[in-house]
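For reference, the structure is listed below as structure tokens.
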Amino acid sequence: MRAIRRFFAELRDAVVQAAFSLISHKLRAVLTISGIAIGIMTVILIFMVQAGMSSSFARQLSTLGPNTLFVHKWKWGVNGNDWWKYKNRPVVNMMDMRALQQNTTLPVAIAPLVNTQATVNYAGKDVRGVDVRGTTDGYLDATGWQIRRGRFLTALDQEIGANVCIIGADIEDAFFKGQEPLGQQIRVGPNIRCSIVGIFLRKGNAFGQTQDLRVILPISTFMRTFGSKRGLVIAVVAPEGKVRETEDEVTAVMRNARHLAPDQEENFSVNRQDKLLEGFNQMMMATNVTGILVGIITAIVAGIGIMNILLVSVKERTREIGIRRAIGARRATILWQFLCEAVMVAVVGGLVGIALASGGASIIDLISPLPAKVDPRVMLGGVVGSAFLGAAFGLWPALTAALLQPIEALRYE
Amino acid sequence: MALIELEHIVKTYDLGLSKVLALQDIHVRIERGEFVAIVGQSGSGKSTLMNIIGCLDVPTAGRYRLSGRDVSTLSDDQLADVRNLEIGFVFQSFQLLPRASALENVELPLVYRGVSKKERNQRAVEAMKMVGLEERMKHKPAELSGGQRQRVAIARALVTQPSLLLADEPTGNLDSKTGEEIIRLFLDLHARGNTIVLVTHEPKLAARCPRAVRLVDGLVIADGPGREVAAANAEALGAEALAQFQAAERAAQAAQAGAR
Numbered sequence: 001m002r003a004i005r006r007f008f009a010e011l012r013d014a015v016v017q018a019a020f021s022l023i024s025h026k027l028r029a030v031l032t033i034s035g036i037a038i039g040i041m042t043v044i045l046i047f048m049v050q051a052g053m054s055s056s057f058a059r060q061l062s063t064l065g066p067n068t069l070f071v072h073k074w075k076w077g078v079n080g081n082d083w084w085k086y087k088n089r090p091v092v093n094m095m096d097m098r099a100l101q102q103n104t105t106l107p108v109a110i111a112p113l114v115n116t117q118a119t120v121n122y123a124g125k126d127v128r129g130v131d132v133r134g135t136t137d138g139y140l141d142a143t144g145w146q147i148r149r150g151r152f153l154t155a156l157d158q159e160i161g162a163n164v165c166i167i168g169a170d171i172e173d174a175f176f177k178g179q180e181p182l183g184q185q186i187r188v189g190p191n192i193r194c195s196i197v198g199i200f201l202r203k204g205n206a207f208g209q210t211q212d213l214r215v216i217l218p219i220s221t222f223m224r225t226f227g228s229k230r231g232l233v234i235a236v237v238a239p240e241g242k243v244r245e246t247e248d249e250v251t252a253v254m255r256n257a258r259h260l261a262p263d264q265e266e267n268f269s270v271n272r273q274d275k276l277l278e279g280f281n282q283m284m285m286a287t288n289v290t291g292i293l294v295g296i297i298t299a300i301v302a303g304i305g306i307m308n309i310l311l312v313s314v315k316e317r318t319r320e321i322g323i324r325r326a327i328g329a330r331r332a333t334i335l336w337q338f339l340c341e342a343v344m345v346a347v348v349g350g351l352v353g354i355a356l357a358s359g360g361a362s363i364i365d366l367i368s369p370l371p372a373k374v375d376p377r378v379m380l381g382g383v384v385g386s387a388f389l390g391a392a393f394g395l396w397p398a399l400t401a402a403l404l405q406p407i408e409a410l411r412y413e
Numbered sequence: 001m002a003l004i005e006l007e008h009i010v011k012t013y014d015l016g017l018s019k020v021l022a023l024q025d026i027h028v029r030i031e032r033g034e035f036v037a038i039v040g041q042s043g044s045g046k047s048t049l050m051n052i053i054g055c056l057d058v059p060t061a062g063r064y065r066l067s068g069r070d071v072s073t074l075s076d077d078q079l080a081d082v083r084n085l086e087i088g089f090v091f092q093s094f095q096l097l098p099r100a101s102a103l104e105n106v107e108l109p110l111v112y113r114g115v116s117k118k119e120r121n122q123r124a125v126e127a128m129k130m131v132g133l134e135e136r137m138k139h140k141p142a143e144l145s146g147g148q149r150q151r152v153a154i155a156r157a158l159v160t161q162p163s164l165l166l167a168d169e170p171t172g173n174l175d176s177k178t179g180e181e182i183i184r185l186f187l188d189l190h191a192r193g194n195t196i197v198l199v200t201h202e203p204k205l206a207a208r209c210p211r212a213v214r215l216v217d218g219l220v221i222a223d224g225p226g227r228e229v230a231a232a233n234a235e236a237l238g239a240e241a242l243a244q245f246q247a248a249e250r251a252a253q254a255a256q257a258g259a260r
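Taken in order, these protein sequences are the chains called G and C.
At position 80 of the first sequence (counting the first as 1) the number is 80 in the working numbering, and the numbers step up by one without a gap.
At position 60 of the second sequence (counting the first as 1) the number is 60 in the working numbering, and the numbers step up by one without a gap.
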């Protein structure tokens with residue numbers, strides 16, 4: 001009981017003295033605290049942006065499906081020095097699509113994809129920046145998207161270039177509050193009117209952007225409206241466990257369709273999302289290492305600041321240490337007192353840093369497509385981490401204070 | 001049982017090449033309720049002796065028993081507890097915490113004893129009343145006069161009701177009038193039953209203590225009623241001052257002779 005009371009009385013005393021010490025040296029305290037704060041903020045922001053990117057990416061990937069191959073002019077993930085090589089390749093077109101459809105045996109589903117941004121109009125109301133895509137009836141199987149109401153495109157729609165479309169949930173919300181959308185006509189782009197035949201199930205956000213502001217047309221209709229020279233991406237879904245074989249088959253069929261001699265390099269790429277993931281992971285690793293390095297450097301710089309402020313404090317309060325020891329303070333009491341000061345400086349710095357990081361996060365959230373928010377666990381980690389930092393770098397000065405001989409400390413001028 | 005029993009206390013300081021013998025063979029007993037002055041010139045070892053009595057330092061050899069307990073063997077933490085429980089210090093330069101109020105200064109030893117906030121306050125106020133400073137409790141040390149600061153220091157020493165009040169040149173930084181007030185306060189506290197050990201170089205002060213112990217070069221050379229010891233000390237001081245004066249004069253004459 002007595003020991004507990006003593007502990008709390010000493011703790012209170014230590015906190016009050018530490019606060020006094022900081023207040024009486026405002027400039028010094030502010031400099032040290034801002035050092036810690038900027039460090040903590042930087043580290044939190046780096047890891048926050050990184051976490052935001054990888055969660056967006058993961059969601060994006062999950063919309064693709066692990067067994068899907070993408071035949072594209074570009075090689076995904078890595079570009080770098082070969083940019084011109086890829087740039088000069090011929091685009092993937094409907095001829096390639098037809099060749100794949102006719103000559104492959106393994107794929108479960110094949111769908112061409114082409115997209116653009118356009119304005120959609122209904123009853124005099126415009127919605128800008130809509131993701132308009134052209135594809136065929138294989139799209140649902142290739143992407144895993146689902147129809148909530150109505151139907152999807154059919155082979156017939158594609159063949160005759162029917163003016164029909166499937167709309168995303170955001171389009172439905174924008175035009176058809178409490179009204180039946182199926183059968184209504186919307187204008188897509190400058191000059192075609194399409195009847196709505198189906199509505200997608202809501203999909204949510206990826207990369208901070210909605211995926212539901214979307215209109216899908218038969219690819220023939222799309223090309224008639226938006227031009228036929230656009231390159232396609234052809235999504236090919238491999239059967240479970242036969243991704244490699246399917247990739248080989250697709251490559252062979254494509255080489256054949258493009259009349260490539262055996263010694264000629266391919267002028268197309270068969271991409272897999274795990275290649276994308278690989279590139280992404282490499283990038284994440286780099287930012288991770290950067291984050292950790294910045295964190296370590298920051299911690300050391302901030303720690304030296306804390307150590308400095310504490311050494312000065314110990315020097316200034318040497319007599320006080322002597323007085324306290326003379327009237328009954330144990331070594332541990334003195335140690336705690338200075339550790340308390342170190343932890344206090346560090347935690348105040350940490351809190352300011354977290355506040356700055358939260359501010360930075362709202363700005364990032366506002367101006368970039370990344371969803372940015374400081375996780376409460378990160379906040380807690382920031383506080384605990386800065387407390388540890390203070391304790392670690394305050395330990396040595398606090399020990400020198402605790403190990404002072406009472407007589408020498410009392411005589412100190 | 002005597003409160004303080006010093007037996008064959010030796011203290012040497014190791015200065016690397018040479019060893020300084022600060023205390024040679026000190027043998028002193030002080031009973032409860034006594035008022036003893038330890039008197040001597042600077043360098044006589046009186047401060048070293050005070051540090052040992054106050055458990056701020058440990059002897060190199062010999063045995064020191066405080067209230068019958070051998071403190072020569074105690075750990076650092078145990079010494080801190082002995083200082084808190086048994087001893088009240090009064091220093092020449094007051095040694096108050098500048099940022100704390102007078103009352104908070106007086107409360108501090110009770111913090112290290114784990115006394116509740118309410119009781120701490122109550123006992124600190126009592127101690128402040130005892131030294132006649134109940135109206136200045138909220139003041140910071142810087143807002144008090146020298147005499148008042150020393151009273152706060154005495155209140156802090158008294159607040160734990162220690163077995164021993166240990167004062168090191170308590171009037172050294174005060175003018176003679178204020179110093180006289182502090183001496184009266186000590187005499188008054190002695191009359192109320194406190195045991196006091198006072199370290200001083202002033203024979204005048206030692207003369208007013210019932211008992212004085214005189215140190216020269218780390219040895220006790222006189223122990224008896226304050227008046228007698230002080231007189232002997234003054235004589236010695238006088239003789240030494242005369243010898244120094246004569247030596248200086250001889251040196252000056254020699255220098256003059258050399259110049260001629």
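Built from N, CA and C at the ideal position, the CB exists for glycine as well.
As the structure is a computational prediction, the values presented were derived from the model and not from experiment.
Identify which residue in the options has its Cα closest to the Cα of residue i.
i, options, result
"C/Ala-167", "C/Asp-175, C/Lys-177, C/Arg-151", "C/Arg-151"
"G/Lys-87", "G/Met-97, G/Met-95, G/Trp-76, G/Asp-96", "G/Trp-76"
"G/Gly-231", "G/Trp-83, G/Ile-23, G/Leu-113", "G/Leu-113"
"C/Pro-98", "G/Glu-265, G/Thr-104, G/Gln-17, G/Gly-198", "G/Gln-17"
"C/Gly-224", "C/Ala-100, C/Arg-208, C/Val-111", "C/Arg-208"
"C/Ala-100", "C/Glu-202, C/Pro-141, C/Pro-203, C/Thr-171", "C/Pro-141"
"G/Ile-300", "G/Ser-55, G/Gly-134, G/Gln-184, G/Gly-390", "G/Gly-390"
"G/Val-343", "G/Ala-387, G/Val-294, G/Gln-50", "G/Ala-387"
"G/Pro-397", "G/Ala-109, G/Ala-3, G/Ile-321", "G/Ile-321"
"G/Arg-423", "G/Lys-315, G/Asp-212, G/Gln-50, G/Met-284", "It is not possible to answer for residue 423 of chain G, since the shown part of chain G is limited to 1 through 413."
"G/Gly-150", "G/Leu-399, G/Ile-234, G/Glu-180", "G/Glu-180"
For a test of the three-state rule: what should DSSP assign to residue i, helix, strand or coil?
i, result
"C/Asn-194", "coil"
"G/Ala-123", "coil"
"G/Ile-300", "helix"
"G/Phe-175", "helix"
"C/Lys-19", "strand"
"C/Asp-217", "coil"
"G/Asn-271", "strand"
"G/Asn-432", "Residue 432 of chain G lies beyond the stretch modelled for chain G, which goes from 1 to 413, so this question has no answer here."
"C/Gln-253", "helix"
"C/Val-159", "coil"
"G/Trp-186", "In the sequence as presented, Trp is not what sits at residue 186 of chain G; that position holds Ile. G/Ile-186: strand per DSSP, three-state reduction."
"G/Asp-137", "coil"
"G/Arg-255", "helix"
"C/His-60", "First, the residue type needs correcting, since residue 60 of chain C is Thr and not His in the sequence shown. C/Thr-60: coil per DSSP, three-state reduction."
Can you tell me the Cα-Cα spacing of residue i and residue j, whole angstroms?
i, j, result
"G/Phe-416", "C/Val-115", "Limits of chain G in this structure are 1 at one end and 413 at the other, which puts residue 416 of chain G out of reach."
"C/Asp-175", "C/Leu-189", "21 Å"
"C/Glu-169", "C/Leu-133", "21 Å"
"G/Thr-225", "G/Val-43", "49 Å"
"C/Gln-253", "C/Ser-42", "29 Å"
"G/Val-250", "G/Arg-258", "12 Å"
"G/Val-188", "G/Thr-221", "11 Å"
"G/Gly-129", "G/Gln-184", "21 Å"
"C/Gly-147", "G/Leu-11", "32 Å"
"G/Val-92", "G/Leu-100", "11 Å"
"G/Glu-266", "G/Asp-375", "46 Å"
"C/Val-199", "G/Ile-407", "16 Å"
"G/Ser-269", "G/Ala-51", "30 Å"
"G/Leu-156", "G/Val-120", "24 Å"
Chain B beta carbons: is any one of them nearer than 8 Å to that of residue i?
i, result
"C/Ser-44", "The structure shown contains no chain B; its protein chains are G and C."
Using a Cβ cut-off of 7 Å, which residues of the segment 71-95 of chain C contact any Cβ in chain G, in chain order?
Asp-76, Asp-77, Ala-80, Asp-81, Arg-83, Asn-84, Phe-89, Gln-95
Contact between the segment 154-162 of chain C and the segment 115-128 of chain C: three or more CB pairs below 8 Å?
yes
Segment contact flag, the segment 360-367 of chain G with the segment 6-25 of chain C, C-beta cutoff 8 Å, min 3 pairs
They do not touch, by the three-pair rule.
Across the segment 58-68 of chain C and the segment 306-320 of chain G, are there enough close Cβ pairs to call them in contact, namely three or more that are closer than 8 Å?
no
For the 8 Å Cβ check, are there 3 or more pairs between the segment 207-221 of chain G and the segment 163-170 of chain G?
yes
Any contact between the segment 345-354 of chain G and the segment 32-39 of chain C? By contact I mean 3 or more CB pairs, one from each, below 8 Å.
no
For the segment 15-28 of chain G, enumerate the residues whose C-beta is nearer than 8 Å to any C-beta of chain C, in chain order.
Gln-17, Phe-20, Ser-24
Could you tell me whether the segment 237-245 of chain G touches the segment 37-52 of chain G, using the rule of 3 or more Cβ pairs below 8 Å?
no
Give a yes or no on contact between the segment 136-143 of chain G and the segment 268-276 of chain G, applying the rule of three or more CB pairs nearer than 8 Å.
no
For the segment 328-353 of chain G, which residues have a CB atom closer than 9 Å to at least one CB atom of chain C, in sequence order?
Going along the segment 328-353 of chain G in chain order, one finds Gly-328, Ala-329, Arg-330, Arg-331, Ala-332, Thr-333 with a Cβ nearer than 9 Å to chain C.
Answer yes if the segment 377-387 of chain G comes into contact with the segment 321-338 of chain G, meaning at least three C-beta pairs across the two stretches below 8 Å, and no otherwise.
no
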